[in-house]
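To start, the structure itself, in structure tokens.
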Amino acid sequence: MRTWTLPLYWRVCLINGTVFLAGTLALLLLPVSVSRRTVVSEALVLTLGLAVMLVTNALLLRASLAPIDRVVRQMATVDLLEPGQRLPTGTRGPGARLVASFNAMLDRLEAERSGSDARALAAEEEERHRIARELHDEVGQQLTVVLLGLKQVQRRAPAELVEELELVRESARAGLDDVRRVARELRPGVLDDLGLHSALAALATGFSAHGGATVRRSIAPGLPALPPATELVVYRVAQEALTNAARHARATRVELTLQRLGDRVVLGVADDGRGLVADAAGAGLRGMRERARSVGGLLEIDSAPGQGTRVRLSVPVDPS
């Protein structure tokens, strides 16, 4: 059953009216009066009465209006990428109802954002899959045909052209390798075929082989199986962290760890680079946070100038 309560506007009017009524009754009932020429004692009584009225009015209004200031301050600092920021409800009254409504609004916004982020990330992964498939099936196949054709031409070409044709073949072969590497980065087939452990190992090896920092990996044995969506988030966060370490932090050594702590699996990526810089703290880090939230994970980033960057992602073993 819903209880009826006065709106905040009428509560303020009622509080002020009560204070003024109390002051009027005090003037009527108490043996005090004011002369035509106000003396010091009368001025003291009036001043004391006014102070009592102001203090009483302030104390009565504080319980109703103070929560509004807390809501205003929270609205100025709340970040939907950092879930769980709620105000204490406190006592009853319109202020408490306002705080409760504000917390309920944050619940709805976080739920809606989480759902929209999950749909956007699913669409992004689908688009990555499509582009990777087209690169592999279309561009990769065409480059393979070019390589085979150049090999046939090279066999029948004059001796003075063999060396030039070999250089062209090497360029085509390098292009084919780049296409395959990009396709693997867009859609890691090893993640679907062999699982997260092998995918992270291949990621670290490929990262070191293509001019990145030296990666030392430590993956604990016996880790529980994670849902495919969670494994993909762990892989993408590791991929983005390694990219930031080489591209932005200019790191030379990176340590990649994966272990279980309680009911969560924790991914750690720590580098010895120059720390997080402004050009790296944009869409990449926001994307990592959104991915983590889409599977109920928590992303923590610790960085200081000249002291490297540490990325820590913890995801629940049980998605429920």
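Residue numbers (the numbering used here): -3 to 316.
Even glycine gets a Cβ: it sits at the ideal position worked out from N, Cα and C.
Use the C-beta contact count for proline 63: other C-beta atoms within 10 angstroms, 16 or more gives buried, fewer gives exposed.
In the sequence shown, counting from the first residue as 1, residue 63 sits at position 67. Flag for proline 63 reads buried.
If you follow the beta strand (DSSP E) that alanine 266 is part of, which residue opens it and which one closes it?
Your numbering for residue 266 matches position 270 in the sequence shown. Element bounds for alanine 266: 260 to 267.
Relative to the alpha-carbon of arginine 109, which residue among Ile297, Arg285 and Ala300 has its alpha-carbon at the smallest distance?
Position 113 of the sequence shown, counted from the start, is the residue given in the question as residue 109. Measuring from the Cα of arginine 109, the nearest candidate turns out to be Arg285.
Where are the beta strand (DSSP E) runs, 3 residues long or more, that stay fully inside the region 203 to 245, in chain order?
210 to 215
So the beta strand (DSSP E) threonine 85 belongs to, where does it begin and stop?
Looking up residue 85 in the sequence shown gives position 89. From DSSP, threonine 85 is part of no beta strand (DSSP E); its letter is neither H nor E.
Quick check: the Cα distance between valine 175 and leucine 163, rounded to an integer number of angstroms?
Taking the first residue of the sequence shown as position 1, residue 175 is located at position 179. Taking the first residue of the sequence shown as position 1, residue 163 is located at position 167. Those two C-alpha atoms are separated by around 18 angstroms.
What residues match up with arginine 338 in a beta bridge as DSSP calls it?
With the chain represented from -3 up to 316, any question about residue 338 goes unanswered, as that position is not in the structure.
Contact defined as beta carbons within less than 8 angstroms: I believe alanine 209 pairs with alanine 241. What is the distance between those atoms, to the nearest angstrom?
Taking the sequence shown and counting its residues from 1, the one referred to as residue 209 is at position 213. Taking the sequence shown and counting its residues from 1, the one referred to as residue 241 is at position 245. About 6 angstroms; that satisfies the 8 angstroms criterion.
Does the separation of the CB atoms of valine 291 and valine 229 fall below 7 angstroms?
Reading the sequence shown from its first residue, position 295 is the one you call residue 291. Reading the sequence shown from its first residue, position 233 is the one you call residue 229. A contact, by the Cβ cut-off of 7 angstroms.
Could you pull the DSSP bridge partners for arginine 256 from this structure?
Indexing the sequence shown from 1 puts residue 256 at position 260. DSSP output for arginine 256 lists Val261 as bridge partner(s).
Can you check which of these residues, Leu254, Val211 and Leu257, is closest to leucine 238 by C-alpha distance?
By 1-based counting over the sequence shown, the position of residue 238 is 242. Minimum Cα distance to leucine 238 is reached at Val211.
When DSSP builds the beta bridges, which residues end up paired with valine 307?
Locating residue 307 in the sequence shown gives position 311, where the first residue counts as 1. The partner list for valine 307 (beta bridge, DSSP) reads Val265 and Ile297.
When the Cβ atoms of the region 117 to 129 are set against those of the region 138 to 157, are three or more pairs found closer than 8 angstroms?
Contact between the region 117 to 129 and the region 138 to 157 is absent: fewer than 3 CB-CB pairs across the two stretches fall below 8 angstroms.
Go ahead and pull the three-state DSSP assignment for proline 184.
Position 188 of the sequence shown holds residue 184. Coil at proline 184, not helix or strand.
So, with DSSP's three-state summary, where would you put proline 312?
As a position in the sequence shown, residue 312 is number 316, starting the count at 1. Looking at proline 312 - three-state DSSP - the assignment turns out to be strand.
DSSP three-state call for leucine 272: helix, strand or coil?
Residue numbering aside, residue 272 sits at position 276 when the sequence shown is read from its first letter. Coil, per DSSP.
In angstroms, rounded to a whole number, what distance separates the CA positions of alanine 179 and threonine 305?
Residue 179 sits at position 183 when you count from the first residue of the sequence shown. Residue 305 sits at position 309 when you count from the first residue of the sequence shown. Their Cα atoms are separated by approximately 28 angstroms.
Over what stretch of residues does the alpha helix (DSSP H) that includes valine 141 continue unbroken?
Start at 1 with the first residue of the sequence shown, and residue 141 comes out as number 145. Here the alpha helix (DSSP H) through valine 141 covers 136 to 152.
Going by alpha carbons, who is nearest to aspartate 314 out of Thr226, Arg246 and Arg308?
Indexing the sequence shown from 1 puts residue 314 at position 318. Nearest option by C-alpha distance: Thr226.
Do arginine 169 and leucine 146 count as a contact pair if the criterion is CB distance below 7 angstroms?
Against the sequence shown, residue 146 aligns to sequence position 150. Against the sequence shown, residue 169 aligns to sequence position 173. No, they are not a contact pair.
To the nearest angstrom, how far is it from the Cα of alanine 200 to the Cα of glutamate 134?
The residue labelled residue 200 in the question sits at position 204 within the sequence shown. The residue labelled residue 134 in the question sits at position 138 within the sequence shown. Cα to Cα, the separation comes out at about 27 angstroms.
Residues in the same chain with beta-carbon distance under 7 angstroms from alanine 128, minus the five sequence neighbours each way, listed in chain order, please.
The residue labelled residue 128 in the question sits at position 132 within the sequence shown. So the list reads Ala179, Leu182 and Arg183, once near-sequence residues are dropped.
In terms of alpha-carbon separation, which member of Gln148, Arg287 and Gly293 lies closest to alanine 114?
In the sequence shown, counting from the first residue as 1, residue 114 sits at position 118. The residue with the shortest Cα to Cα distance from alanine 114 is Arg287.
When you compare each of Ala266, Gly19, Leu21 and Asp259 to valine 311 by their alpha carbons, which one comes out closest?
Sequence index remark: in the sequence shown, residue 311 carries index 315 (1-based). Checked all of Ala266, Gly19, Leu21 and Asp259; the closest Cα to valine 311 is Asp259.
I'd like the list of long-range same chain contacts for threonine 43, defined as Cβ closer than 6 angstroms, with 5 residues on each side in sequence excluded.
Reading the sequence shown from its first residue, position 47 is the one you call residue 43. Nothing listed; no residue qualifies.
Judging by CA-CA distance, which residue of Leu83, Gly13 and Tyr231 is the nearest neighbour of methionine 49?
Your numbering for residue 49 matches position 53 in the sequence shown. Closest option to methionine 49, Cα to Cα, is Gly13.
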